[in-house]
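This is how it looks when you write it as structure tokens:
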């Protein structure tokens, strides 16, 4: 097995992009002090708003460790850990993870236990029971204890309800902690499956799915976290059903009833195939067909503007058809006015079956009434490229790029054209420049800058952002690349964006401004623009000398 190594990308995945970027600033600024490394460990002191101690080590599972700062103490891979990891990687050149330890097989362990003294085995079991409550519960029930007396499912139900409700009502600052708490209680429910109480886990998971906080969703800012928690509950429910094997007909009814009541598809197929079995799948299909006939009685269930329940039932019927008969079964369900998502499902099924020409034909046919669907065009182009028709692929993608040019669509065009890209490229850039010059389309100069940057034309991208009103992350991305060779040019850019943040007059905006200025300092110091940056920063401090919160953020970022 190839050795696994720690890379910057893996550190970013471990910490999250925002934390990684902050940690990289700390590393670039030389805040990692007293770095001490061995073959498998590293320790350091990080000078930030305080002085924090970091310890890291290489384990088979990856890079692990902690920090004495509040975030690190809470178990997160904080910015101080990131800075230390980058310093360690920079010094060592390569960090190789140890091979996983060789585990003793179940057969070998069973043979060992079979030869041990019964008294020793009893003491070991009792020790395991003290460490793992579910082991204790299982042993007590096996010893004749009443399950309801031994397992306090009511208390677990109350804790699960409270944890989910609190998570879904979280404030911005504690959202991660609250959802982590809900998932921790949910893991206790999942443990019931391994402990032999899968039927209790099924009941608790279904109870959780019916909680208003989870059923009705949350504010827009928490939609992603609530959906993720709901999917975690469904995973526990699915695993418990697979182990418990509840009545398949009753399970099919519960799955369909929940969809009809809430308008949310659960995609039971193929996830519940083993639990449903032949009888349950038949019941599941009959219930969905009946629901579809009732919903489509007025002829509107197939429309794009159909109710959430109709859309959910349609999706579930498609999944069931795909499970039973692949693309042909899906095509049999496809009405003439099918919405885009159903056509996409058919096209993907045809691609999976290597029926590429047929898939491309379906795309062209659907685009006659769904011409604005970009995903259809992209799938059709993928089919044509794979059949060797690159010109047809570009022609399929071209209207999407011209209608709403983006970097991704430009990249798709380049990939589809292959060796013929040179003659298409000039045409694409010319049309993009012409469109961007039209009234109301100035934002497309930002797209042009992104494209030139992607192609490596930093000078061209820099001219675009200087000549036109391009801002935001695009301006910063271009400035970062420009600053590698011309640091003095980009200092005003970073200062200008920082001023925009400061205008927000919020602590978080001040923190963002300080981060940008710290990044600018790191950039210019590496590339010889130190004096110019100091003048700009001194002027900014003077302009905002009355903003004590801002001055504090600048000080904490280590800025002069």
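Residue numbers (my numbering): 131 to 690.
Each residue gets a CB set at the ideal place from its N, CA and C atoms; glycine is no exception.
Cβ neighbours of residue i in the same chain (closer than 8 angstroms, five flanking residues each side left out)
i           : result
residue 461 : 476
residue 170 : 187, 188, 228
Residue i vs residue j beta-carbon contact at 8 angstroms
i           : j           : result
residue 410 : residue 379 : yes
residue 561 : residue 578 : no
residue 731 : residue 448 : Because the chain in this structure spans residues 131 to 690, residue 731 falls outside the shown range and cannot be described.
residue 162 : residue 214 : yes
residue 289 : residue 297 : no
residue 144 : residue 192 : yes
residue 251 : residue 188 : no
residue 623 : residue 609 : yes
residue 363 : residue 339 : yes
residue 244 : residue 165 : no
residue 473 : residue 440 : no
residue 320 : residue 366 : yes
residue 653 : residue 684 : no
residue 370 : residue 332 : yes
residue 265 : residue 258 : yes
residue 190 : residue 248 : no
residue 543 : residue 554 : yes
Nearest-angstrom Cα separation, counted from residue j out to residue i
i           : j           : result
residue 674 : residue 625 : 13 angstroms
residue 559 : residue 503 : 23 angstroms
residue 418 : residue 386 : 7 angstroms
residue 283 : residue 515 : 57 angstroms
residue 641 : residue 584 : 29 angstroms
residue 254 : residue 260 : 10 angstroms
residue 620 : residue 509 : 40 angstroms
residue 590 : residue 605 : 13 angstroms
residue 618 : residue 662 : 7 angstroms
residue 481 : residue 489 : 6 angstroms
residue 682 : residue 450 : 59 angstroms
residue 160 : residue 540 : 39 angstroms
residue 471 : residue 389 : 19 angstroms
residue 221 : residue 206 : 24 angstroms
residue 572 : residue 534 : 13 angstroms
residue 631 : residue 172 : 36 angstroms
residue 564 : residue 668 : 41 angstroms
residue 702 : residue 656 : Any property of residue 702 remains undetermined from this structure, which presents the chain solely from 131 to 690.
residue 420 : residue 492 : 28 angstroms
residue 403 : residue 455 : 14 angstroms
residue 329 : residue 469 : 39 angstroms
residue 627 : residue 602 : 8 angstroms
residue 487 : residue 465 : 21 angstroms
residue 678 : residue 636 : 12 angstroms
Beta-carbon contacts of residue i that lie in its chain and below 6 angstroms, excluding the five residues immediately before and after
i           : result
residue 511 : 523, 526, 527, 546
residue 87  : A question about residue 87 goes unanswered here, because the residues of the chain that appear run from 131 up to 690.
residue 219 : 225
residue 348 : Any answer about residue 348 is weak, because its pLDDT of 48 lies below 50 and its placement is not dependable; what the coordinates show is given next. Around residue 348: 298, 356.
residue 513 : 486, 489, 490
Residue i - DSSP class collapsed to helix/strand/coil
i           : result
residue 387 : helix
residue 689 : coil
residue 185 : strand
residue 199 : coil
residue 611 : helix
residue 192 : strand
residue 684 : helix
residue 461 : helix
residue 167 : strand
residue 515 : helix
residue 145 : helix
residue 176 : strand
residue 600 : coil
residue 225 : strand
residue 349 : Any answer about residue 349 is weak, because its pLDDT of 47 lies below 50 and its placement is not dependable; what the coordinates show is given next. Residue state, collapsed to three classes: coil.
residue 131 : Because the pLDDT of residue 131 is 45, which lies under 50, any placement of that residue in the model is unreliable, and the question is left without a value.
Cβ neighbours of residue i in the same chain (closer than 7 angstroms, five flanking residues each side left out)
i           : result
residue 664 : 690
residue 548 : 520
residue 158 : 652
residue 382 : 406, 410, 413, 414, 417
residue 209 : 149, 152, 153, 156
Any C-beta of chain C under 8 angstroms from that of residue i
i           : result
residue 600 : Protein chain content of the structure displayed is limited to a single chain, and chain C is not contained in it.
Can you list the alpha helix (DSSP H) stretches of 4 or more residues lying completely in the stretch 280-305, in chain order? 283-298
List, from N- to C-terminal side, the alpha helix (DSSP H) runs of 4 residues or more that fit wholly inside the stretch 508-554. 520-533, 537-547
Alpha helix (DSSP H) segments (min. 4 residues) lying fully within the stretch 616-685: 617-632, 637-656, 660-673
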